[in-house]
Amino acid sequence: MTRPRALSSIIALALLPFFLTVAQAQSVDRSALENEIRGLVGELKETEQQFLAPSEKDRAKYAAFLSQPDTGLIRLLPRETFQDKLSFQGGGAYYSFARLTHEYGFGSDIELQQNQFSVGFAGADFGFITKLGKIPIEDVTLEHPGAQFLSTFAAPALDAEAREQSRRGGVGFDVNGFTYKSRLPVKKKNSYLLRSVSYDRSDLLVAFRVVSLDDDGSVVIVWKILKKFPTPQRPR
């Protein structure tokens, strides 16, 4: 009975370096895989940014305009098509003009869904959009008649009033010949004004124009912040 045990011990000792090597190889492999994952994540984010980027042709067309402060050129992806298909929340359908990011969840000012622009997405946040027609983005200023109501509107301090404004935007209303809603259809080469009230984050009046529409439903817009209001506090 001792000889099999002795043989087992000898075999175990002989195989010990092999098992140690395998264990070390597994550890090295996990480390290598972690590095590979980090590399892939970096490549994915870079590819997503390329996918979201407007064309060089559009950038060249608005180069002079984009040299001004508080301007930008972005692509919005249709929510119904790209939701959960990109690595960041929102799938490219949202954008924050205050934070300069597509990522949803920290305050967004505009959304593209079902070929419509919308504003106001969570809690008491709300906003209004009005379409100005086919006028150049350069001509949209605070002096434009469509901006008069949006530039003087005061964000409500009470929750009930904020929710009433949200309801009002959902239905739509007219002021001085302009229609204001929280959601409007996308129209190529049309300019818009948007007032976005995001409590505890930002309050902005933005002019934007539809530059191009792509076959995948995405929309490129050029924009400029016309006015920044004091950050509204969460309504009581």
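If you're matching positions, the sequence shown starts at 2 in the numbering used here and goes up one per residue. Cβ coordinates follow ideal geometry from the N, Cα and C atoms, glycine included.
Checking the DSSP bridge columns, you'll see Gln117 partnered with Gln114, Pro186. The segment 133-151 and the segment 98-111 do not touch, with fewer than three beta-carbon pairs separated by less than 8 angstroms. Around the beta carbon of Gln50, fewer than 16 other beta carbons sit within 10 angstroms, so the residue counts as exposed. Taking a 10 Å sphere around the C-beta of Phe179, we find 16 or more other C-beta atoms and assign the residue as buried.
According to the DSSP assignment, Leu67 belongs to the alpha helix (DSSP H) that extends over 64-67. The DSSP-derived three-state label of Phe127 is strand. The alpha-carbon of Thr48 is positioned some 14 angstroms away from that of Ser56.
Rounded to the nearest angstrom, the Cβ distance from Tyr63 to Lys132 is 20 angstroms, too far for a contact under 8 angstroms. Within 10 angstroms of the beta-carbon of Arg202 lie 16 or more other beta-carbons, which makes it buried. In the structure shown, the three-state DSSP call for Phe179 is strand. Under DSSP, Tyr95 takes part in a beta bridge, and its partners are Glu112.
Fewer than three Cβ pairs drawn from the segment 208-217 and the segment 157-164 lie within less than 8 angstroms of each other, which leaves the two stretches out of contact. If you ignore the 5 residues before and after Phe122, its C-beta comes within less than 7 angstroms of the C-beta of Ser109, Glu112, all in its own chain and listed in chain order. Counting along the chain, no beta strand (DSSP E) covers Thr232, and no H or E run does either. The DSSP-derived three-state label of Gly134 is strand. Straight through space, the alpha carbons of Val120 and Lys225 are spaced by roughly 16 angstroms. Gly171 counts as exposed, since fewer than 16 other C-beta atoms from the protein chains shown sit within 10 angstroms of its C-beta. In this structure, Arg80 keeps its C-beta atom at 8 angstroms or more from the C-beta atom of Gln117. When secondary structure is reduced to three states using DSSP, Ser167 falls in the helix class.
Judged by DSSP secondary structure, Leu74 falls within the beta strand (DSSP E) whose first and last residues are 72-77. Straight-line measurement puts the Cα of Ser68 at about 16 angstroms from the Cα of Val141.
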